[in-house]
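Notes to accompany the following structure.
In our numbering, the protein residues as written are 10 to 452.
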């Protein structure tokens, strides 16, 4: 079994792109809109269409462009090799009321940047978009949306939504927002966004499976699609494969992983993470636990690409041996034995280099740890963006977030490699009607 990031089978993990990438349907149109300096561009695509690849391509293609890559969470920012939205724009971690965003310190960088790329746009709340607009217009003394900075929003609104507690959702309603989603921002009312869709699905090749996923995503003939999926996939997993078990909650995934580790009789070895600079291990979400406990025979997943290409972010394997500063892992992909050493994640901060007249990125903190996590199970949230050859889904008491079941099912590369612990019910397929309406009207 192998697990890879989107399109990783056709590209080098840290560079290189498939031949003709710029000419792929959707990619070509998105680049054309960006190069034409459209004020706002939404680059949308269902699961498996290469959105992560597109962000990295755009970042490398315009390396000297005055642009920054941002994301809504710390983990997403680390994966995108960018900065969180809140830290870049000095936004407080709460509901953002315009009257509370008083003029204050202004970064030179806000006045100089030409493009902001926001990854995982589905998880960005509407008030954050309007706060970005306000900060940029003030800094640049401009009445244009976002102060004239080109905004590129990448994601899929029918996947995971922003975290919006009931009290905050009610407040957003009283503030006049039609929904908590980014596309309801007032800043977009006059921006006339270009909407481009990545249409080519790289993850799955089976037309039947692609059709089933599409029906669940679009909330069309859900009962028929689930009947087909349940008939094919409610079963024990295929022999000789070790599937990743996807769960709805951290507690359930942690329980499966703890059971898997406890079932191994060997003595554990503990690896402690090391933070430096402004990396706050209490507040920053860590890509790997600060205390990582492993045993020979443990199922693990790599969470950082190897610069030499021996494994990628998402490679699955089994621990073969443990050393003080490395872990030997027998990879599922080809059975190769690799030594995975301690790696470093940098916390990036952008600034303006006046001498070079360009955006500069600086590592203001770092976190070092063995880049592995236990991988008998993981949450659906953590699996977003991954491609799984073998996946088993346990929704326990049911899905509780819009798009959750779709995200879980669409991790699988094929029906053969997908199994379910229980039949899925129509109530598990949650599609917010506001999102469905936006998706239809933005076609």
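All C-beta atoms in this analysis are idealised placements derived from N, C-alpha and C, irrespective of residue type, glycine included.
(1) What is the DSSP secondary structure of residue 337, reduced to helix, strand or coil?
(2) Given this structure, state the Cα-to-Cα distance separating residue 412 from residue 238, to the nearest angstrom.
(3) Leaving out the 5 sequence neighbours to the left and right, which residues in its chain are closer than 7 angstroms to residue 326 when beta-carbon positions are compared?
(4) Measure from the alpha carbon of residue 178 to the alpha carbon of each residue in 168, 303, 142 and 135, then state which is nearest.
(5) Kindly indicate which three-state DSSP category residue 251 falls into: helix, strand or coil?
(6) My guess is that residue 303 and residue 278 are in contact by the Cβ rule of under 8 angstroms, so how many angstroms apart are they, rounded?
(7) Regarding residue 226 and the ligand NAP, is the C-beta to nearest heavy atom distance less than 7 angstroms?
(8) List the endpoints of the continuous alpha helix (DSSP H) containing residue 288.
(9) Is the segment 374-386 touching the segment 199-215 in the sense that three or more CB pairs, one from each, lie closer than 8 angstroms?
(10) So, for residue 305: in the same chain, excluding its five sequence neighbours on each side, which residues have a beta-carbon less than 8 angstroms away from its beta-carbon?
(11) Assess contact between the segment 122-136 and the segment 78-97, defined as three or more Cβ pairs (one per stretch) separated by less than 8 angstroms. Is contact present?
(12) Starting from the Cα of residue 443, find the closest Cα among 220, 138 and 186 and give me that residue.
(13) Which residues in the same chain as residue 205 place their Cβ atom closer than 8 angstroms to its Cβ, once the five residues preceding and following it in sequence are excluded?
(14) I'd like the span of the alpha helix (DSSP H) that includes residue 226, first residue to last.
(15) Out of curiosity, what's the CA-to-CA distance linking residue 262 and residue 297?
(16) Rounding to the nearest angstrom, what Cα-Cα distance links residue 434 and residue 390 in this structure?
(17) Given that a residue counts as buried once 16 or more other Cβ atoms are within 10 Å of its Cβ, and exposed if not, what is residue 268?
(18) Given this structure, state the Cα-to-Cα distance separating residue 334 from residue 299, to the nearest angstrom.
(19) Within the chosen definition, does the segment 157-177 reach the segment 216-224 through at least 3 CB pairs nearer than 8 angstroms?
(20) Where does residue 168 land, buried or exposed, given buried means 16+ other C-beta within 10 angstroms?
(21) Against chain D, does residue 449 count as a neighbour if the rule is that its beta carbon must be under 8 angstroms from one of theirs?
(22) Is DSSP giving residue 388 helix, strand or coil here?
(23) Just the Cα atoms here: how many angstroms apart are residue 398 and residue 252?
(24) What are the start and end residues of the alpha helix (DSSP H) that includes residue 268?
(25) Considering only their Cβ atoms, is the gap separating residue 56 from residue 212 smaller than 8 angstroms?
(26) Suppose you measure from the CA of residue 140 to the CA of residue 77; what does that come to, to the nearest Å?
(27) At what residues does the alpha helix (DSSP H) containing residue 210 begin and finish?
(28) Any idea what DSSP makes of residue 180, helix, strand or coil?
(29) State the Cα-Cα distance for the pair residue 66 and residue 26, rounded to the nearest angstrom.
(30) Nearest to residue 458 by alpha carbon, out of 438, 426 and 60?
(31) Rounding to the nearest angstrom, what Cα-Cα distance links residue 336 and residue 317 in this structure?
(32) Helix, strand or coil for residue 165? Go by DSSP, reduced to three states.
(33) CB residue 181 to CB residue 301, shorter than 8 angstroms?
(34) Please say whether residue 307 and residue 323 have beta carbons closer to each other than 8 angstroms?
(35) Can you look up residue 330 in the DSSP assignment and give me helix, strand or coil?
(36) Could you pull the start and end residues of the beta strand (DSSP E) that residue 76 belongs to?
For this structure:
(1) Counting from 1 along the chain shown, the entry for residue 337 is found at position 328. Secondary structure at residue 337: strand, using DSSP grouped into helix, strand and coil.
(2) Sequence index remark: in the chain shown, residue 412 carries index 403 (1-based). Sequence index remark: in the chain shown, residue 238 carries index 229 (1-based). So the alpha carbons of these two residues sit roughly 17 angstroms apart.
(3) Here residue 326 refers to the residue found at position 317 of the chain shown. Around residue 326: 309, 338, 339, 340 and 341.
(4) Looking up residue 178 in the chain shown gives position 169. With distances taken between CA atoms, residue 178 lies nearest to 135 out of 168, 303, 142 and 135.
(5) The count along the chain shown starts at 1 and reaches residue 251 at position 242. Collapsing the DSSP output to three states places residue 251 in coil.
(6) Counting from one through the chain shown, the residue named residue 303 turns up at place 294. Counting from one through the chain shown, the residue named residue 278 turns up at place 269. Right, their Cβ atoms sit about 6 angstroms apart.
(7) For the ligand NAP, the structure offers nothing, since it holds no ligand at all.
(8) Working through the chain shown from its first residue, we reach residue 288 at position 279. No alpha helix (DSSP H) holds residue 288; DSSP gives it neither H nor E.
(9) no
(10) Against the chain shown, residue 305 aligns to sequence position 296. Excluding residues within five positions, the ones whose Cβ falls inside 8 angstroms are 273, 275, 328, 329, 330 and 331.
(11) yes
(12) Your numbering for residue 443 matches position 434 in the chain shown. Comparing Cα positions, the closest option is 186.
(13) Mapped onto the chain shown, residue 205 falls at position 196. Around residue 205: 35, 38, 39, 42, 50, 51, 52 and 53.
(14) Taking the chain shown and counting its residues from 1, one reaches residue 226 at position 217. Here the alpha helix (DSSP H) through residue 226 covers 216-226.
(15) On the chain shown, residue 262 is found 253 positions in, with the first residue counted as 1. On the chain shown, residue 297 is found 288 positions in, with the first residue counted as 1. The straight-line gap from Cα to Cα measures roughly 15 angstroms.
(16) For the purposes of this step, residue 434 is identified with residue 425 of the chain shown, where counting begins at 1. For the purposes of this step, residue 390 is identified with residue 381 of the chain shown, where counting begins at 1. Their Cα atoms are separated by approximately 20 angstroms.
(17) By 1-based counting over the chain shown, the position of residue 268 is 259. Under this definition residue 268 is an exposed residue.
(18) One-based indexing of the chain shown puts residue 334 at position 325. One-based indexing of the chain shown puts residue 299 at position 290. When only Cα atoms are considered, residue 334 and residue 299 end up about 14 angstroms apart.
(19) no
(20) As a first step, residue 168 must be located in the chain shown, where it is residue number 159. Only buried fits residue 168, as 16 or more other CB atoms lie within 10 angstroms of its CB.
(21) Absent from the structure: chain D. Only one protein chain is present.
(22) Start at 1 with the first residue of the chain shown, and residue 388 comes out as number 379. Of the three classes helix, strand and coil, the one that applies to residue 388 here is strand, per DSSP.
(23) In the chain shown, counting from the first residue as 1, residue 398 sits at position 389. In the chain shown, counting from the first residue as 1, residue 252 sits at position 243. The alpha-carbon atoms of residue 398 and residue 252 are separated by roughly 8 angstroms.
(24) Here the question's residue 268 lines up with position 259 in the chain shown. 259-271 is the extent of the alpha helix (DSSP H) around residue 268.
(25) Residue 212 sits at position 203 when you count from the first residue of the chain shown. Residue 56 sits at position 47 when you count from the first residue of the chain shown. With contacts defined by Cβ atoms closer than 8 angstroms, residue 212 and residue 56 form a contacting pair.
(26) In the chain shown, counting from the first residue as 1, residue 140 sits at position 131. In the chain shown, counting from the first residue as 1, residue 77 sits at position 68. The straight-line gap from Cα to Cα measures roughly 17 angstroms.
(27) Taking the first residue of the chain shown as position 1, residue 210 is located at position 201. Per DSSP, residue 210 belongs to no alpha helix (DSSP H) and is neither H nor E.
(28) In the chain shown, residue 180 corresponds to position 171, counting from 1. Three-state result, residue 180: helix.
(29) As a position in the chain shown, residue 66 is number 57, starting the count at 1. As a position in the chain shown, residue 26 is number 17, starting the count at 1. Cα to Cα, the separation comes out at about 8 angstroms.
(30) Residue numbering for the chain in the displayed model covers 10 to 452; residue 458 lies beyond these limits and cannot be assessed.
(31) Residue mapping note: residue 336 aligns to position 327 of the chain shown, counting from 1. Residue mapping note: residue 317 aligns to position 308 of the chain shown, counting from 1. Each residue's Cα considered, the two are about 16 angstroms apart.
(32) The residue labelled residue 165 in the question sits at position 156 within the chain shown. Reduced to three states, the DSSP call for residue 165 is coil.
(33) Numbered from its first residue, the chain shown carries residue 181 at position 172. Numbered from its first residue, the chain shown carries residue 301 at position 292. For residue 181 and residue 301, no; Cβs fall outside 8 angstroms.
(34) Translated into positions along the chain shown, residue 323 becomes position 314. Translated into positions along the chain shown, residue 307 becomes position 298. No, Cβ-Cβ distance for residue 323 and residue 307 is not below 8 angstroms.
(35) Taking the chain shown and counting its residues from 1, one reaches residue 330 at position 321. In this structure, residue 330 counts as strand in the three-state DSSP scheme.
(36) Counting from 1 along the chain shown, the entry for residue 76 is found at position 67. 76-80 is the span of the beta strand (DSSP E), which, as asked, contains residue 76.
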